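Presented below is the structure to which this report refers.
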Amino acid sequence: MSTSYPDLRQLIVDMAEGDEEFKDELTRAIHNGLHELKDVYEEGVTMRDEVTIQQIRHKVKPTLGMFEFDDLTEILQEGKEILESQGFGEDFEKHWAKLKLRLLNAIEEVARMI
């Protein structure tokens, strides 16, 4: 297993407080949320729609914070700053490539917990 999120499994276990069914549901919800972030963000990038990107960023921010996806939070913040200062351009494309790679890693890691 990757060590990108070494505390994730324990965070989920702690939140579930021994309820295996809830632990499984929570893990699936995190997995689905990461997929949604990737898909909706990609849609926003393709359509060059800052509002779509902003909405999904705000929607997933609490989950990312709660489960310590700090790398994703940081990359999303970088993307926000790039959009605000430069708009959609080369730097934003680099940001999106970096975010997508990290998201795929996170999705894969959570999938192994299901």
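At position 11 of the sequence shown the residue is numbered 197 (our numbering), and the sequence of numbers has no breaks.
Quick reminder that beta carbons are idealized off the backbone N, C-alpha and C, glycines included.
Note that the coordinates shown come from a computational prediction; the quantities given were computed from them, not determined experimentally.
Determine the direct distance from the alpha carbon of Ile268 to that of Glu279, and round the result to whole angstroms.
10 Å
Secondary structure of Glu203, DSSP reduced to three states
coil
Please state whether DSSP places Gly219 in a helix, a strand or coil.
helix
Cα-Cα, which of Met299, Glu294, Lys286, Ile293 is closest to Glu229?
Lys286
Pairs of beta-carbons, one from the region 223-238 and one from the region 201-215, closer than 8 Å: are there three or more?
no
Between the alpha carbons of Leu197 and Asp205, how many angstroms are there, rounded?
13 Å
Of all the CB atoms in chain D, is at least one closer than 8 Å to the CB of Ile268?
Here there is only one protein chain, and chain D is not present.
Under a Cβ-count criterion, where at least 16 other Cβ atoms within 10 Å of its own Cβ denotes burial, should Gly219 be classed as buried or exposed?
buried
If you drop the 5 nearest sequence neighbours on each side, which residues of the same chain put their C-beta closer than 8 Å to that of Glu254?
Tyr191, Asp193, Leu194, Leu197
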